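Enquirer: Chains as they are written, first to last, in the UniProt record's numbering: chain V, 1 to 209; chain W, 1 to 209. Think of the CB as a built atom: it goes at the ideal place given N, C-alpha and C, for glycine as much as any other residue. Bear in mind the structure is a predicted one, so any value in this text is a computation, not a measurement.
#1: Closer than 9 Å, Cβ to Cβ, to anything on chain W: give me those residues from the stretch 27-47 of chain V, in chain order.
#2: Could you name the residues of the same chain whose beta carbon sits closer than 8 Å to that of residue 19 of chain W, not counting the 5 residues immediately before and after it, in chain order?
#3: Can you list, in chain order, the stretches of the beta strand (DSSP E) that have 3 or more residues and sit fully within the stretch 74-118 of chain W?
#4: Taking only beta carbons into account, state which residues of the stretch 66-79 of chain V come closer than 8 Å to chain W, listed in chain order.
#5: Could you name the residues of chain W that residue 99 of chain V contacts, counting a contact when the two beta carbons are closer than 7 Å?
#6: Report the neighbours of residue 130 of chain V on chain W: residues whose CB is nearer than 8 Å to its CB, in chain order.
#7: Distance check for residue 163 of chain V and residue 215 of chain V, CA to CA, integer angstroms please.
#8: So is residue 212 of chain W buried or exposed if we call it buried at 16+ other beta carbons inside 10 Å?
#9: Would residue 6 of chain V pass as an interface residue toward chain W - the criterion being a Cβ-Cβ separation below 8 Å?
#10: Between residue 163 of chain W and chain V, is there a C-beta pair that is closer than 8 Å?
#11: Based on Cα-Cα distance, which residue from W/129, W/91 and W/13 lies nearest to residue 141 of chain W?
#12: Classify residue 102 of chain V as buried or exposed, calling it buried when 16 or more other Cβ atoms lie within 10 Å of its own Cβ.
#13: Residues of chain V with a CB under 9 Å from the CB of residue 174 of chain W: which are they?
#14: Starting from residue 22 of chain W, trace the alpha helix (DSSP H) both ways and give me its first and last residue.
#15: Does the beta-carbon distance from residue 115 of chain W to residue 160 of chain W come in below 8 Å?
#16: State the DSSP-derived secondary structure class of residue 181 of chain W, mapped to helix, strand or coil.
#17: Let me see if you follow: with CB-CB separation under 8 Å, is residue 115 of chain V close to chain W or not?
#18: Kindly indicate the opening and closing residues of the alpha helix (DSSP H) around residue 56 of chain W.
#19: Which chain V residues are close to residue 197 of chain W, counting only those with a beta carbon under 7 Å from its beta carbon?
#20: Pick out whichever of V/135, V/88 and V/118 has its Cα sitting closest to the Cα of residue 126 of chain W.
#21: Can you tell me the Cα-Cα spacing of residue 271 of chain W and residue 30 of chain V, whole angstroms?
#22: From residue 41 of chain V to residue 10 of chain W, what distance separates their C-alpha atoms?
#23: I believe residue 93 of chain V touches residue 128 of chain V by the beta-carbon criterion, under 8 Å. Please report the beta-carbon distance rounded to the nearest angstrom.
#24: Only counting the same chain, and skipping five residues up and downstream in sequence, which positions put a Cβ closer than 8 Å to that of residue 155 of chain W?
#25: What's the call for residue 184 of chain V, buried or exposed, on a 16-neighbour Cβ count within 10 Å?
#26: Does residue 206 of chain V come within less than 8 Å of chain W when only Cβ atoms are used?
#27: Would you verify that the beta carbon of residue 21 of chain V is, or is not, closer than 8 Å to some beta carbon of chain W?
#28: Using the DSSP secondary-structure output, state which residues sit across from residue 194 of chain W in a beta bridge.
#29: By DSSP, does residue 49 of chain W sit in helix, in strand, or in coil?
#30: DSSP state of residue 187 of chain V, grouped into three classes?
#31: For the stretch 49-61 of chain W, which residues have a beta carbon sitting closer than 9 Å to at least one beta carbon of chain V?
#32: Can you pull the chain W neighbours of residue 126 of chain V, defined as C-beta to C-beta under 7 Å?
#33: Here's the rule I'm using: 16 or more other beta-carbon atoms within 10 Å means buried, otherwise exposed. How should residue 181 of chain V be labelled?
#34: Taking the alpha helix (DSSP H) that residue 7 of chain W belongs to, which residues open and close that run?
#35: Identify which residue in V/208, V/143, V/109 and V/139 has its Cα closest to the Cα of residue 174 of chain V.
#36: Return the Cβ separation of residue 71 of chain W and residue 204 of chain V in integer angstroms, given the expectation that the two are a contact with Cβ distance under 8 Å.
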């Protein structure tokens, strides 16, 4: 958004003499208060100015951020998730690593009977690979992080909430799941995944002209 | 940003009868054209409406995105970069992996004489670790990706441009460098790094209320 010359001038005047009333601004600019109304409304709306009742306008150092904020909070996980890479619990660690490279992903999800049971990351694999374990014999089921210790999300969650989970729990990738009840037990079908790569792609999309 | 009831009503009327002139809108709302001026200016500015000269207002399906766009493009790499983890070329692969875990990072940068010479990622380490190489003997200098094949960025670059490099080149982390001339040769001092984690943190910051 390009501000007009007069809007830029208003911001400059507010920064200089804040708090400043609309009367004082109108006088400095040599126009009527009515002529300023639209500009002041816009500048307040985009967050460049803050209107304090009975005091006047002050400059806000967070221009546009509330708009950006709302825009970001409206994006849903379902819009940005990608295909998950899934292996069975009996897959050997070696085969799983090969699968990881073939799919060029950072995390594999593990299933049993069609439901999520675990996750293994590049970091987990590296730890095992240098530890002297026979990776051709041990199955991923033994080294994976097991449910319910996996942070999941649903398609309807906001991308923002998912990104906060990634940062707070220091994880690379989150499985997007759908809960179903099987024999009175909660089970999770894997629908997709969202990783830091998906968030970075979303950031690029938001920044593209 | 919360639109006022009248602004929401204007959007509804435009959607219904577009293109629609400000006269027609004023009539439908039972107010003067002057009274609508500020609302129409705001709605056009945030991209909810598009004003077509001599035709009238039409609804735009990309509200707010140009603002988000500009906001994102103003963020500089220097504002979001973090401390890089650096090892010397002679460090053994095993010691480098231990250092990687201690610092909990995904990529190590390699230096020689204070200047960037290479980079090694978790993926590179995993490939070596399962390949039968003696990781206690081989130095990282042998397995690293070597300059000039490393994508770098400077503190002044925009975070957006950096994120596009991460996606286009499929890398996890970019060293932030400063170019200096040493004996007529370009050399790069490592000032910091920006990874997908930094971009995800930035996304969380933008989305925070």
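Expert: Taking the coordinates as given:
#1: 34, 37, 38, 39, 40, 41, 42, 45, 46 and 47
#2: Mapped onto the second chain, residue 19 of chain W falls at position 19. For residue 19 of chain W, where only same-chain residues beyond five positions count, the Cβ hits under 8 Å are 52, 55, 56, 57 and 58.
#3: 86-88 and 107-112
#4: 66, 67, 68, 69, 70, 71, 72 and 73
#5: The count along the first chain starts at 1 and reaches residue 99 of chain V at position 99. By Cβ distance, chain W contributes nothing, its closest Cβ being about 13 Å from residue 99 of chain V, past 7 Å.
#6: If you number the first chain from 1, residue 130 of chain V lands on position 130. Chain W residues near residue 130 of chain V: 94, 97, 129 and 135.
#7: With chain V covering only 1 through 209, there is no way to say anything about residue 215 of chain V.
#8: The question about residue 212 of chain W has no answer here: the residues shown for chain W are numbered 1 through 209.
#9: If you number the first chain from 1, residue 6 of chain V lands on position 6. Closer than 8 Å: no.
#10: Position 163 of the second chain, counted from the start, is the residue given in the question as residue 163 of chain W. Residue 163 of chain W counts as touching chain V.
#11: Mapped onto the second chain, residue 141 of chain W falls at position 141. Nearest option by C-alpha distance: W/91.
#12: Against the first chain, residue 102 of chain V aligns to sequence position 102. Residue 102 of chain V should be labelled exposed.
#13: Counting from one through the second chain, the residue named residue 174 of chain W turns up at place 174. Under the 9 Å cutoff, chain V gives no residues; its nearest Cβ is about 11 Å from residue 174 of chain W.
#14: Residue mapping note: residue 22 of chain W aligns to position 22 of the second chain, counting from 1. Taken as a continuous stretch (DSSP letters only), the alpha helix (DSSP H) holding residue 22 of chain W covers 22-29.
#15: For the purposes of this step, residue 115 of chain W is taken as the residue at position 115 of the second chain. For the purposes of this step, residue 160 of chain W is taken as the residue at position 160 of the second chain. No, they are not a contact pair.
#16: As a working note, residue 181 of chain W is residue 181 in the second chain. Of the three classes helix, strand and coil, the one that applies to residue 181 of chain W here is strand, per DSSP.
#17: On the first chain, position 115 is the one that residue 115 of chain V refers to. With 8 Å as the cut-off, residue 115 of chain V does not count as an interface residue toward chain W.
#18: As a position in the second chain, residue 56 of chain W is number 56, starting the count at 1. Premise fails: residue 56 of chain W lies in the beta strand (DSSP E), 56-59, not in any alpha helix (DSSP H).
#19: Sequence index remark: in the second chain, residue 197 of chain W carries index 197 (1-based). The answer, in chain order, is 196.
#20: The residue you call residue 126 of chain W lines up with position 126 of the second chain. When only C-alpha atoms are compared, the closest one is V/135.
#21: Nothing can be reported for residue 271 of chain W: it is not among the residues displayed for chain W, which extend from 1 to 209.
#22: As a first step, residue 41 of chain V must be located in the first chain, where it is residue number 41. As a first step, residue 10 of chain W must be located in the second chain, where it is residue number 10. Approximately 16 Å, taken between the alpha carbons.
#23: Against the first chain, residue 93 of chain V aligns to sequence position 93. Against the first chain, residue 128 of chain V aligns to sequence position 128. Correct: roughly 6 Å between the Cβ atoms.
#24: Working through the second chain from its first residue, we reach residue 155 of chain W at position 155. Cβ within range, chain order: 76, 77, 78, 81, 176, 178, 191 and 192.
#25: For this step, residue 184 of chain V is matched to residue 184 along the first chain. With fewer than 16 other Cβ atoms within 10 Å, it is exposed.
#26: Here residue 206 of chain V is taken as the residue at index 206 of the first chain, counted from 1. Yes, contact with chain W.
#27: Along the first chain, read from residue 1 onward, the residue named residue 21 of chain V stands at position 21. Not an interface residue.
#28: Position 194 of the second chain, counting from 1, holds the residue named residue 194 of chain W. Answer is W/174.
#29: Counting from 1 along the second chain, the entry for residue 49 of chain W is found at position 49. Three-state DSSP puts residue 49 of chain W in a strand.
#30: For this step, residue 187 of chain V is matched to residue 187 along the first chain. Strand at residue 187 of chain V.
#31: none
#32: Taking the first residue of the first chain as 1, we reach residue 126 of chain V at position 126. Near residue 126 of chain V (Cβ distances below 7 Å), the residues of chain W are 97, 122, 125, 126 and 129.
#33: On the first chain, residue 181 of chain V is found 181 positions in, with the first residue counted as 1. Exposed, by the Cβ-count rule.
#34: Taking the second chain and counting its residues from 1, one reaches residue 7 of chain W at position 7. It spans 5-17 - the alpha helix (DSSP H) in which residue 7 of chain W sits, taken as one unbroken run.
#35: Taking the first chain and counting its residues from 1, one reaches residue 174 of chain V at position 174. Residue 174 of chain V has its Cα closest to that of V/109, out of V/208, V/143, V/109 and V/139.
#36: Working through the second chain from its first residue, we reach residue 71 of chain W at position 71. Working through the first chain from its first residue, we reach residue 204 of chain V at position 204. Actually they are not in contact, since the Cβ atoms of residue 71 of chain W and residue 204 of chain V sit about 14 Å apart, beyond 8 Å.
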